[in-house]
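Using this note's numbering, the first residue of the sequence shown is number 3, and each one after it goes up by one.
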Amino acid sequence: MAIVTLPNQTAKRLSDRISALDPDLAHQLFAASDIVMGIAFTERETAEFDGETGAAMILAVKDLEGLAKAIPEFEGDRRNYCIIQNARAIARLDPFFEI
């Protein structure tokens, strides 16, 4: 499972593309605040998101490679999402995780 985060404005901009993801690429989009507090974007990340802001959203997907084919992390200089790398954070944010 891959976990990426993006500002709410970016999620709205990408909403049609997220909705059109292959059904085999299990995915779920939700507000980060549903699970954790304190996800924020740096000034550099906000600039990379082309100034898009808003509450942090989480997009959990079955396969990062499948997501990147449909929606790349960057398109030109514009960022679409940040990939969460920390294993503990991924486990905490993964809505498909089963204990």
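Where is the CB? At the ideal position from N, CA and C, for every residue including glycine.
Exercise. With C-beta atoms as the reference, is Leu27 less than 8 Å away from Leu61?
Worked result: Counted from its first residue, the sequence shown places residue 27 at position 25. Counted from its first residue, the sequence shown places residue 61 at position 59. Going by C-beta atoms, Leu27 is not nearer than 8 Å to Leu61.
Exercise. Taking Cβ positions, are Ala58 and Ile73 nearer each other than 8 Å?
Worked result: Within the sequence shown, the letter at position 56 stands for residue 58. Within the sequence shown, the letter at position 71 stands for residue 73. In this structure, Ile73 does not lie closer than 8 Å to Ala58 by Cβ.
Exercise. So, using beta-carbon positions, are Val38 and Arg94 closer together than 8 Å?
Worked result: Here residue 38 refers to the residue found at position 36 of the sequence shown. Here residue 94 refers to the residue found at position 92 of the sequence shown. Result yes, Cβ atoms of Val38 and Arg94 sit closer than 8 Å.
Exercise. Between which two residues does the alpha helix (DSSP H) containing Leu8 stretch?
Worked result: Indexing the sequence shown from 1 puts residue 8 at position 6. Taken as a continuous stretch (DSSP letters only), Leu8 belongs to no alpha helix (DSSP H), being part of the beta strand (DSSP E) at Ala4 to Pro9.
For this session: Find out if the Cβ-Cβ distance for the pair Lys71, Met3 is shorter than 8 Å.
Result: The residue labelled residue 71 in the question sits at position 69 within the sequence shown. The residue labelled residue 3 in the question sits at position 1 within the sequence shown. No, the Cβ-Cβ distance between Lys71 and Met3 is not below 8 Å.
For this session: Using a threshold of 8 Å, state whether the C-beta atoms of Ile86 and Ile20 are closer than that.
Result: By one-based count along the sequence shown, residue 86 stands at place 84. By one-based count along the sequence shown, residue 20 stands at place 18. Contact: no.
Exercise. Roughly how many angstroms separate the alpha carbons of Arg80 and Arg15, rounded to a whole number?
Worked result: Counting from one through the sequence shown, the residue named residue 80 turns up at place 78. Counting from one through the sequence shown, the residue named residue 15 turns up at place 13. A direct Cα-Cα distance of roughly 12 Å separates Arg80 from Arg15.
Exercise. What is the C-beta distance between Gln11 and Thr55, in whole angstroms, given that I count them as a contact (C-beta under 8 Å)?
Worked result: Taking the first residue of the sequence shown as position 1, residue 11 is located at position 9. Taking the first residue of the sequence shown as position 1, residue 55 is located at position 53. Correct: roughly 6 Å between the Cβ atoms.
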